[in-house]
Amino acid sequence: MAERSFKREVQDLKLGAGETFTGEGILAITKALLESGVGYVGGYQGAPISHLMDVLADAQDLLGELGVRYEANASEAAAAAMLAASVHYPIRGAVTFKGAVGVNVASDALANLASSGVTGGALVIVGEDYGEGSSIMQERSHAFAMKSQFWLLDPRPNLPSIVQAVKQGFELSEASNTPVMLMVRIRSCHVTGQFACADNQRPPLSVRDALSEPRRDFARVVLPPMSYQHERDKVENRWPAAERFITEQGLNEMFGPDTAPVGLVVQGGMYNGVIRALQRLGLADIEGRSAIPLYVLNVTYPLVKDEFLAFAKGKGELLVVEEGQPEFIEQGLAAMLHRAGSPVRLHGKGLFPMAGEYTGQIMLDGIAGFLKDTAPQLLPGQVIAPNAPPPEMPDLSQTVPIRPPGFCTGCPERPIFAAMKLVEQELGKHQITGDIGCHLFAALPPFEIGGSTMGYGLGPASNAAFDGGGARRAVSFIGDGGFWHNGLSSSIGNMVFNRSDSVAIVVDNYYSAATGGQDVLSSRAKNPSKATGNPISKALEGVGVKWVRQIDRTYDVGHMRDTIREALTTDYDGPKLIVASSECMLNRQRREKPLRAQAIREGRRVEAPRFGVDADICTGDHACIRLSGCPSLSLKVLDDPLRDDPVASIDQTCVGCGNCGEVADAAVLCPSFYRADLVHNPRPWERLLAGWRSRIITWLQARRARRVLDFGEVS
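Take full-length UniProt numbering: the final residue in the sequence shown is number 715, and no numbers are missing along the way.
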């Protein structure tokens with residue numbers, strides 16, 4: 001189950017001509033695909049476009065009615081390879097995946113696709129989450145577009161522009177026989193707005209129809225000598241065709257006055273930030289009318305020389321607003337000005353930082369500094385000096401603790417790493433690698449387990465240099481999502497083939513939890529459209545792993561500890577795999593909470609376990625926190641002058657997983673943890689019993705208070 005259902009919003013995808021769509025950018029993209037007559041769609045989830053895959057999954061009935069093939073691909077590489085259908089057939093296809101990391105995974109398929117070229121429109125929707133919103137390495141997809149000659153769209157972040165970019169992306173692809181990347185930034189994905197709908201279109205040729213008339217053209221196969229012809233075709237035919245289409249269809253936009261001493265060249269996705277900065281400088285109004293000429297690059301690659309030089313004509317200074325590094329656009333524009341012998345001076349990095357996200361303040365400071373140096377007469381008199389130091393912000397770093405990401409309350413992965421930490425206390429520190437996914441949080445305190453991650457599904461492979469044996473066996477972790485994405489072949493197959501003597505732990509939480517809780521092959525829920533229930537342990541045995549241990553309750557810290565110890569000390573010298581399985585608590589709560597709430601409303605008896613810490617027994621050692629780190633475990637200061645140190649406490653966010661008590665027991669910490677079952681809608685005899693207990697406890701407490709008052713002591 002995905003973290004969010006779009007069943008209700010999917011109904012809006014049926015809107016037709018004359019109706020208005022209102023919603024998020026992600027849904028607008030899906031609607032635009034249907035209005036464009038797409039024949040097939042696929043992809044792999046990842047922020048910020050995870051929800052796009054969830055929308056498509058929830059819209060499968062509608063896709064089926066229109067004759068559109070949908071597939072949730074096993075990886076970004078599989079998704080990119082799916083676009084091969086558009087190489088020989090005039091069928092529009094679209095796939096989607098997370099920005100730079102998805103492009104990296106899919107690079108081989110994408111490069112071959114760009115070499116052969118396409119007959120039908122091929123669109124790669126890339127969720128570019130650069131900067132503060134990113135959860136990966138800071139890279140840009142722009143470099144790959146330049147390397148393999150994909151045309152790269154970066155539309156203004158509003159729904160009409162995004163929808164138009166999808167439709168024009170297909171048209172540009174077909175006009176130039178070249179695949180197109182549509183980059184949607186994290187704010188574009190979640191921006192809300194409206195656009196005028198058109199009718200959904202059935203694909204003129206569906207993939208089902210294409211099967212009845214197979215086509216092939218050896219000239220499109222990427223093999224010498226045709227690969228040499230592909231390169232010539234790119235330069236001599238496809239590139240000029242793309243430039244003509246971009247110019248004739250007005251894909252790039254110009255705003256502001258026709259003549260001015262200065263101008264701004266702006267990535268489409270940065271337009272909103274630029275307009276806001278100009279508004280704050282008194283140079284744009286609330287509707288976006290600008291007093292400064294703007295050249296908005298909704299197509300950031302290829303750059304169109306004649307169009308840019310026409311914009312630059314008559315101006316003395318230009319500022320390029322390009323987020324990220326290297327400054328590909330600025331370099332390209334500078335080369336155009338140099339070759340044309342233009343006296344126009346180009347500014348960019350320097351006024352703007354080379355790296356990092358362009359926040360509102362950075363945008364304001366950069367544009368204000370440019371105008372003050374080049375055209376101060378354009379700045380309204382009441383505007384404060386742009387180079388004045390910003391108001392001092394208090395340094396909170398010494399008083400407010402950092403808040404790194406961590407496991408959710410009740411996460412079944414936490415006890416795995418508690419067990420690993422206990423084993424390391426016994427056997428010594430081990431070489432440990434992690435993988436992409438929730439379990440990577442174990443690299444942070446309180447566990448500090450695992451020191452590297454090299455790619456989705458590559459956790460065990462990144463330990464390959466240590467697989468030859470040594471003082472202690474190397475350990476690697478990989479999630480179930482990474483296992484099915486790439487890990488089975490690239491990591492586990494690698495271990496088997498090379499007779500690795502290492503240990504790998506597959507963290508199986510039943511879902512691709514880190515990307516939003518989508519089902520994977522080993523998910524245990526019944527999925528009406530996907531094949532689930534395929535055990536990871538069977539797959540391991542299928543590729544030749546002989547030593548496999550399956551654990552179906554990771555919360556049993558003692559059992560986890562003993563199994564890991566066995567793997568690290570056994571005489572068996574081949575790869576050792578532990579499959580540690582328990583359902584993602586976040587997904588479990590999403591499923592169970594509504595059912596529990598419904599049962600309580602209907603008056604049915606419901607038990608909800610809760611855990612607590614007896615403050616009278618807790619010594620304040622806090623070892624439980626160091627071995628668990630659960631967000632519901634906190635500290636409480638006692639109103640006792642003889643006990644200065646705070647004791648452990650469990651707050652109301654506890655979901656009753658029992659991990660804290662298991663850790664305390666396995667580590668022989670203390671007996672201060674207790675379990676209490678909260679009973680909703682109790683039976684009459686339970687109410688009676690609770691009443692008697694309350695009276696007895698009240699009487700005992702009153703007697704104790706009297707003895708303290710009378711004798712100053714408690715016997």
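Using N, Cα and C, we set each Cβ at its ideal position, and we do this for glycine too.
Inset, instruction - Just grab the DSSP bridge partners of residue 504 for me. - result: Bridge partners of residue 504 according to DSSP: 476 and 577.
Legend entry - Nearest candidate by alpha-carbon position, reference residue 351, set 697, 318, 481 and 549: Residue 351 has its Cα closest to that of 318, out of 697, 318, 481 and 549.
Inset, instruction - Compute the Euclidean distance between the alpha carbons of residue 204 and residue 544, then round it to the nearest angstrom. - result: Cα to Cα, residue 204 sits roughly 47 Å from residue 544.
Inset, instruction - Report the partner residues of residue 609 according to the DSSP bridge assignment. - result: Residue 609 pairs with 677.
Inset, instruction - Tell me, to the nearest whole angstrom, how far the beta carbon of residue 195 is from that of residue 36; I am working on the premise that it is less than 8 Å. - result: About 14 Å separates the CB atoms of residue 195 and residue 36; that is not less than 8 Å, and the two are not in contact.
Legend entry - Straight-line Cα distance separating residue 614 from residue 141: Across the structure, residue 141 and residue 614 are spaced so that their CA atoms are roughly 54 Å apart.
Inset, instruction - Please go through the same chain and pick out, in chain order, the residues whose beta-carbon is closer than 7 Å to the beta-carbon of residue 66, but skip the five residues on each side of it. - result: Cβ neighbours of residue 66 beyond the five flanking positions: 34, 200 and 202.
Legend entry - C-beta atoms of residue 156 and residue 298 nearer than 8 Å: Between residue 156 and residue 298, the C-beta spacing is below 8 Å.
Inset, instruction - Pull up the distance between the alpha-carbon of residue 391 and that of residue 365, whole angstroms please. - result: Only weak support exists for where residue 391 lies, its pLDDT of 44 falling under 50; the value from the coordinates is given anyway. Taking the straight line from one Cα to the other gives about 13 Å.
Inset, instruction - Name the one or two DSSP bridge partners that residue 614 has. - result: Note: residue 614 is not bridge-paired with any residue in the DSSP secondary-structure output.
Inset, instruction - Excluding the 5 residues preceding and the 5 following residue 513 in the sequence, name in chain order all residues of the same chain whose CB lies nearer than 6 Å to its CB. - result: Excluding sequence neighbours, residue 513 sits near 438 and 584.
Inset, instruction - Grab me the residues of residue 246's own chain with a C-beta within less than 6 Å of its C-beta, minus the 5 sequence neighbours each way, in chain order. - result: Contacts found: 299 and 304.
Legend entry - Endpoints, the alpha helix (DSSP H) within which residue 601 is located: DSSP places residue 601 inside the alpha helix (DSSP H), whose first and last residues are 585-601.
Legend entry - Unbroken stretches of the beta strand (DSSP E), 3 residues or longer, contained in the stretch 170-230: Note on the stretch 170-230: whole beta strand (DSSP E) runs with a minimum of 3 residues are 180-185 and 192-196, in chain order.
Legend entry - Cβ-based neighbour list, residue 683, same chain, cut-off 7 Å, excluding 5 preceding and 5 following: Taken in chain order, the residues that qualify are 605.
Inset, instruction - Using a threshold of 8 Å, state whether the C-beta atoms of residue 720 and residue 507 are closer than that. - result: Nothing about residue 720 can be read from this structure; the chain reaches only from 1 to 715.
Inset, instruction - Would you check if the distance between the CB atom of residue 501 and the CB atom of residue 552 is smaller than 8 Å? - result: Going by C-beta atoms, residue 501 is not nearer than 8 Å to residue 552.
Inset, instruction - Taking 8 Å as the cut-off, decide whether the C-beta atoms of residue 7 and residue 47 are in contact. - result: Not a contact, by the Cβ cut-off of 8 Å.
Inset, instruction - Please state if the CB of residue 476 and the CB of residue 442 are separated by a distance shorter than 8 Å. - result: No Cβ-Cβ contact shorter than 8 Å links residue 442 with residue 476.
Inset, instruction - With DSSP collapsed to three states, give me the class of residue 497. - result: Looking at residue 497 - three-state DSSP - the assignment turns out to be helix.
Legend entry - Neighbourhood of residue 635 by C-beta distance below 6 Å, restricted to the same chain and skipping five residues each side: Spatial neighbours of residue 635 in its own chain (CB-CB distance under 6 Å, excluding positions within 5 residues in sequence) are listed in chain order as 646.
Legend entry - Inter-residue spacing [alpha-carbon to alpha-carbon] between residue 423 and residue 417: C-alpha separation (whole angstroms): 10 Å.
Legend entry - Own chain, CB closer than 6 Å to residue 446, minus 5 neighbours either side, in chain order: For residue 446, where only same-chain residues beyond five positions count, the Cβ hits under 6 Å are 626 and 629.
Inset, instruction - Use the C-beta contact count for residue 228: other C-beta atoms within 10 angstroms, 16 or more gives buried, fewer gives exposed. - result: Burial call: exposed.
Inset, instruction - Could you tell me the distance, in whole angstroms, from the CA atom of residue 283 to the CA atom of residue 335? - result: When rounded, the distance between both Cα atoms is 30 Å.
Legend entry - Cross-strand partners of residue 511 (DSSP beta bridge): The bridge partners DSSP lists for residue 511 are 519.
Inset, instruction - Using a threshold of 8 Å, state whether the C-beta atoms of residue 254 and residue 301 are closer than that. - result: Between residue 254 and residue 301, the CB-CB gap reaches or exceeds 8 Å.
Inset, instruction - Closer than 8 Å by C-beta to residue 190: which residues in its own chain qualify, once you throw out the five before and the five after it? Chain order, please. - result: When the five nearest sequence neighbours on each side are left out, the beta carbons in the same chain lying within less than 8 Å of the beta carbon of residue 190 are those of 24, 25, 26 and 48, in order along the chain.
Legend entry - In DSSP terms, what residue 547 is bridged to: DSSP output for residue 547 lists 576 as bridge partner(s).
Inset, instruction - Report the residue ranges of all alpha helix (DSSP H) runs contained in full by the stretch 4-54; include only those spanning at least 4 residues, in chain order. - result: Taking only runs of at least 4 residues, the alpha helix (DSSP H) segments lying wholly in the stretch 4-54 are 7-10 and 25-35.
Legend entry - residue 349 in three-state terms, based on DSSP: Residue 349 falls in the strand class under three-state DSSP.
Legend entry - The alpha helix (DSSP H) enclosing residue 267, as first and last residue numbers: First-last for residue 267: 262-267, but that is the beta strand (DSSP E), not the alpha helix (DSSP H).
Inset, instruction - Spell out a yes or no on whether the stretch 589-608 and the stretch 420-435 are touching, meaning 3 or more CB-CB pairs, one atom from each, closer than 8 Å. - result: No contact exists between the stretch 589-608 and the stretch 420-435.
Inset, instruction - Would you check if the stretch 102-118 and the stretch 69-80 touch, i.e. whether three or more CB-CB distances between them fall below 8 Å? - result: Output reads yes: the stretch 102-118 touches the stretch 69-80.
Inset, instruction - Could you please give the first and the last residue of the uninterrupted alpha helix (DSSP H) stretch that includes residue 372? - result: Element bounds for residue 372: 360-374.
Inset, instruction - Just tell me which of 640, 306 and 644 has its CA closest to the CA of residue 621. - result: Per the Cα distances, 644.
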